[in-house]
Amino acid sequence: GQQVMQIPQYQHVQEGEDFTTYCNSSTTLSNIQWYKQRPGGHPVFLIQLVKSGEVKKQKRLTFQFGEAKKNSSLHITATQTTDVGTYFCAGRAGGYQKVTFGIGTKLQVIP
Amino acid sequence: DGGITQSPKYLFRKEGQNVTLSCEQNLNHDAMYWYRQDPGQGLRLIYYSQIVNDFQKGDIAEGYSVSREKKESFPLTVTSAQKNPTAFYLCASSIAGQDYEQYFGPGTRLTVT
Numbered sequence: 001g002q003q004v005m006q007i008p009q010y011q012h013v014q015e016g017e018d019f020t021t022y023c024n025s026s027t028t029l030s031n032i033q034w035y036k037q038r039p040g041g042h043p044v045f046l047i048q049l050v051k052s053g054e055v056k057k058q059k060r061l062t063f064q065f066g067e068a069k070k071n072s073s074l075h076i077t078a079t080q081t082t083d084v085g086t087y088f089c090a091g092r093a094g095g096y097q098k099v100t101f102g103i104g105t106k107l108q109v110i111p
Numbered sequence: 001d002g003g004i005t006q007s008p009k010y011l012f013r014k015e016g017q018n019v020t021l022s023c024e025q026n027l028n029h030d031a032m033y034w035y036r037q038d039p040g041q042g043l044r045l046i047y048y049s050q051i052v053n054d055f056q057k058g059d060i061a062e063g064y065s066v067s068r069e070k071k072e073s074f075p076l077t078v079t080s081a082q083k084n085p086t087a088f089y090l091c092a093s094s095i096a097g098q099d100y101e102q103y104f105g106p107g108t109r110l111t112v113t
């Protein structure tokens, strides 16, 4: 079945440092979504990438979808304490309603 | 005020008892999902439904059952056959189709002793 690997599982950064999490799929994806879950909360949708090589930005967050549509990354520039949480990627293979979530990257930001 | 509600927030049960978790949405979404979240395991799909009166098994359906009699409701029953039922359970909904994001409820934390 489809697998989505996500690394790293944990990341501690000093406030102001950059952060990146990576996702790799065992199969070609039709799209990939990113979610953020704050401590004690539920996942909240951030963005969806559909096109090969697509890059999207949301303020300090940059999302990329690989040329082969099998990998993706989320980069946060100059982290802030409000960035704390777990970031999940969720990949969807063509023709399927369901998505497969990565294990998540838990980000801790040290003030 | 649109959204997804899950109740209760915390649930405690004795081993051997079935328990039903509630999930209601007023977003008019056709698709609904149940996930289980354990530390270090991410979100794992239990069941999903794309339309009323139809549902499919996800990756870890054993020991669980669902029903979808109404568009707004997708209750999950954790049966006594589920070997490790203690977990955080998340319900989600979306517009049917491949290009739409999922909206998650606040979750129910189930503890079975």
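Protein chains in written order, with the numbering used here: chain H, 1 to 111; chain P, 1 to 113.
We put the beta carbon where it would ideally sit given N, CA and C, even for glycine.
As the structure is a prediction and not an experimental result, all values here were calculated from the model.
Nearest residue (CA-CA) to residue i, options the options
{"i": "LYS98 (chain H)", "options": "P:PRO75, P:ASN26, P:TYR33, P:GLU72", "result": "P:TYR33"}
{"i": "LYS51 (chain H)", "options": "H:GLN64, H:LYS57, H:HIS42", "result": "H:GLN64"}
{"i": "LEU76 (chain P)", "options": "P:ALA87, P:LYS83, P:TYR64, P:ASN84", "result": "P:TYR64"}
{"i": "TYR10 (chain H)", "options": "P:TYR10, P:GLN41, P:GLY3, P:ASN18", "result": "P:GLN41"}
{"i": "GLU72 (chain P)", "options": "P:GLY105, P:GLN25, P:ALA96", "result": "P:GLN25"}
{"i": "ASN28 (chain P)", "options": "P:GLY16, P:PHE74, P:SER94, P:TYR89", "result": "P:SER94"}
{"i": "GLU15 (chain H)", "options": "H:VAL55, H:THR82, H:SER73", "result": "H:THR82"}
{"i": "ALA31 (chain P)", "options": "P:GLU101, P:VAL112, P:PRO106, P:LEU110", "result": "P:GLU101"}
{"i": "ILE46 (chain P)", "options": "P:PRO106, P:GLN6, P:ALA96, P:GLU62", "result": "P:GLU62"}
{"i": "GLU17 (chain H)", "options": "H:GLN3, H:GLY94, H:LEU61", "result": "H:LEU61"}
{"i": "GLN6 (chain H)", "options": "H:LYS59, H:PRO39, H:ARG92, H:PHE88", "result": "H:PHE88"}
Identified DSSP bridge partners for residue i
{"i": "TYR48 (chain P)", "result": "P:TYR33, P:GLN56"}
{"i": "VAL78 (chain P)", "result": "P:VAL19, P:TYR64"}
{"i": "LYS70 (chain P)", "result": "P:SER73"}
{"i": "HIS12 (chain H)", "result": "H:GLN108"}
{"i": "THR108 (chain P)", "result": "P:TYR89"}
{"i": "ILE7 (chain H)", "result": "H:TYR22"}
Interface partners of residue i on chain H, CB under 9 angstroms
{"i": "LEU90 (chain P)", "result": "HIS42, PRO43"}
{"i": "LEU45 (chain P)", "result": "LYS98, VAL99, THR100, PHE101"}
Per-residue contacts from residue i into chain P (C-beta, under 8 angstroms)
{"i": "GLN112 (chain H)", "result": "Since the first residue shown for chain H is 1 and the last is 111, residue 112 (chain H) is missing from the structure and cannot be characterised."}
Chain-ordered chain H contacts of residue i [CB-CB under 8 angstroms]
{"i": "ALA31 (chain P)", "result": "GLN97"}
{"i": "PRO85 (chain P)", "result": "By Cβ distance, chain H contributes nothing, its closest Cβ being about 20 angstroms from PRO85 (chain P), past 8 angstroms."}
{"i": "TYR48 (chain P)", "result": "GLN97, LYS98"}
Against chain P: residues of the stretch 25-41 of chain H by CB proximity under 9 angstroms = SER30, ASN31, GLN33, TYR35, GLN37, GLY41
Scan the stretch 74-104 of chain H for residues whose Cβ lies nearer than 7 angstroms to a Cβ of chain P and list them as they occur along the chain.
-> PHE88, ARG92, GLN97, LYS98, PHE101, GLY102, ILE103, GLY104
What residues in the stretch 1-26 of chain P bring their beta carbon closer than 8 angstroms to a beta carbon of chain H?
-> none
Which residues, in chain order, does the stretch 70-81 of chain P contribute to contact with chain H at a C-beta distance below 8 angstroms?
-> none
Contact list for the stretch 48-64 of chain P against chain H, Cβ threshold 9 angstroms | TYR48, GLN50, GLN56, GLY58, ASP59
Quick one: which unbroken alpha helix (DSSP H) runs of 4-plus residues sit fully inside the stretch 37-77 of chain H? Chain order, please.
-> none
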